[in-house]
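All remarks here apply to the structure that follows.
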Amino acid sequence: THVDKGGHKHFMAKEIAEQPAVIGDTLRHYLSAAGGGLTLPQPEMDFTQYDRLTLVACGTAYYACLTAKYWFEQLAGLPVDVDIASEFRYREPPVPARTAAIFVSQSGETADTLAALRYCEGRAAKILSIVNVPESSIARESDLALPIHAGVEIGVASTKAFTCQLTVLLLMALKAASDREAIDPARLSDLLSHLRGLPSTINNTLELNEDFRKAAYQLSSAENALFLGRGMMYPLALEGALKLKEISYIHAEAYASGELKHGPIALIDEKMPVIVMAPRDALFDKTVSNMQEVMARGGKVMLITDAPGAAAASEDTWLTLTLPQVDPILSPILYAIPAQLLAYHTAVAKGTDVDQPRNLAKSVTVE
Ligand code: G6P
């Protein structure tokens, strides 16, 4: 099928803009229209059969897995190992009985992820995959393949596939929580109704595009950047740094906020922008104190937060960007949007090739 830019300057911009619609498609595919219940198309998938999960992927899909670890552990009480496919495949990890191994891949063709899947075949694990291409090798070789319904993604830097992967992983975590009776049914239906509202919240976030463009213009003169986040925002900080590196070529690193004092604080000076992803959740005050440590050393803080958090915390920041408020469980999906928009507009400001960044391939089918 031929896919064009639909009036956008780049495929990446188009794919960012498509997210409310495609996440809506993903939700429609996995949730019953009647409200309340979760109707996964695979009723045989029963999370009471597993004692642990192993999530394996590369690149952006790996950060989706890291995020999912927080969801499965917090919501379902199910322990999760997360690994980079190229590490997993050669480490010879034991695969205990009652493990489900989940492989996440946009293309379904990444060589290392496929090799990791094959390693698990015949080793007692149930093999699941979360893919965008249902005919792909990874999908075909799985016991069960769950499609993300993102539609064709052309930009090398993954955007809508990431948020759709997160959506499916969160739905899986909620399914696991429900199967294992680890979640209060009222809380479950509350979260499901928040999820149904997510496309419109993302739409509202995309309307802040101009704010992100201005912030990115300021970021575009930096040589380095540091992303910080705690809890579920830590994988998002990693994804924000990856996006920025991939398409704007600015050197970026991400740290869990609590690790700041164990090394990266030595890098802080007035030339180091520090992007702090901090929704107002249970860890917010701790993140604010990390932020103050940065500002006390002359670091320039770009705070990305939500409305009630912003006022008090943003006094001395370089920039504060305020997103709509969502339930903290959903914030990783929402905070993917600023990560994408910042990278996108920074790359545009620098004039780099957004859709075809140097040295990168959309799908890495050789080792
Ligand atoms: C490449 C792409 C990334 C992607 C990664 C994994 O490095 O540039 O955007 O996240 O491969 O690809 P997959 O198709 O397995 O999700």
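Just so you know, full-length UniProt numbering puts the end of the sequence shown at 607, numbered straight through with nothing missing.
Cβ atoms here follow ideal geometry from the backbone N, Cα and C, with glycine treated the same way.
Asked: Below 6 Å CB to CB, which residues in the same chain sit around Lys-485 once its five sequence neighbours on both sides are set aside?; Found: Ala-492
Asked: Apply the 10 Å Cβ neighbour rule to Gln-289 and answer buried if 16 or more other Cβ atoms are within range, or exposed otherwise.; Found: exposed
Asked: Using only the heavy atoms of ligand 1, determine whether one of them is closer than 8 Å to the beta carbon of Ala-382.; Found: According to the sequence shown, residue 382 is Ser rather than Ala. No - ligand 1 has no heavy atom lying nearer than 8 Å to the Cβ of Ser-382.
Asked: What does Phe-467 pair with, by DSSP beta-bridge criteria?; Found: Ala-494, Ile-515
Asked: Go ahead and label Tyr-330 buried or exposed: buried means 16 or more other beta carbons lie within 10 angstroms of its beta carbon, across all protein chains shown.; Found: exposed
Asked: Using the C-alpha atoms, what's the distance from Met-535 back to Asp-556?; Found: 7 Å
Asked: When DSSP labels each residue in this structure, what does Ala-345 get in the three-state scheme?; Found: At residue 345 the sequence reads Ser, which differs from the Ala that was named. Of the three classes helix, strand and coil, the one that applies to Ser-345 here is strand, per DSSP.
Asked: Label His-389 either buried or exposed according to how many other C-beta atoms from any shown protein chain fall within 10 Å of its C-beta, with 16 as the threshold for buried.; Found: buried
Asked: Ile-342 and Leu-318 - do their beta-carbons sit closer together than 9 Å?; Found: no
Asked: Say yes only if the C-beta of Gly-539 is nearer than 8 Å to one or more non-hydrogen atoms of ligand 1, and no if none qualify.; Found: no
Asked: Using a Cβ-Cβ cut-off of 9 Å, state whether Pro-374 counts as contacting chain D.; Found: Looking at the structure shown, chain D is missing, and only one protein chain is on hand.
Asked: Identify whether Pro-374 lies in helix, strand or coil by the three-state DSSP scheme.; Found: coil
Asked: Would you report the Cα separation of Cys-404 and Glu-510, rounded to the nearest angstrom?; Found: 37 Å
Asked: With DSSP collapsed to three states, give me the class of Arg-292.; Found: strand
Asked: Tell me the residue span of the alpha helix (DSSP H) that contains Pro-578.; Found: 571-590
Asked: Could you tell me if the beta carbon of Val-335 falls within a distance shorter than 8 Å of some heavy atom in ligand 1?; Found: no
Asked: Suppose you measure from the CA of Ala-257 to the CA of Ser-440; what does that come to, to the nearest Å?; Found: 12 Å
Asked: Return the CA-CA distance between Ile-544 and Met-252, expressed in angstroms with no decimal places.; Found: 21 Å
Asked: So, with DSSP's three-state summary, where would you put Asp-265?; Found: helix
Asked: When we look at the beta-carbon of Thr-605 and count the other beta-carbons within 10 Å, is it buried (16 or more) or exposed?; Found: exposed
Asked: What's the gap between the Cα of Arg-363 and the Cα of Met-412?; Found: 23 Å
Asked: Can you check which of these residues, Ala-494, Leu-507, Gly-246, is closest to Tyr-474 by C-alpha distance?; Found: Ala-494
Asked: Can you tell me whether DSSP reads Ala-365 as helix, strand or coil?; Found: coil
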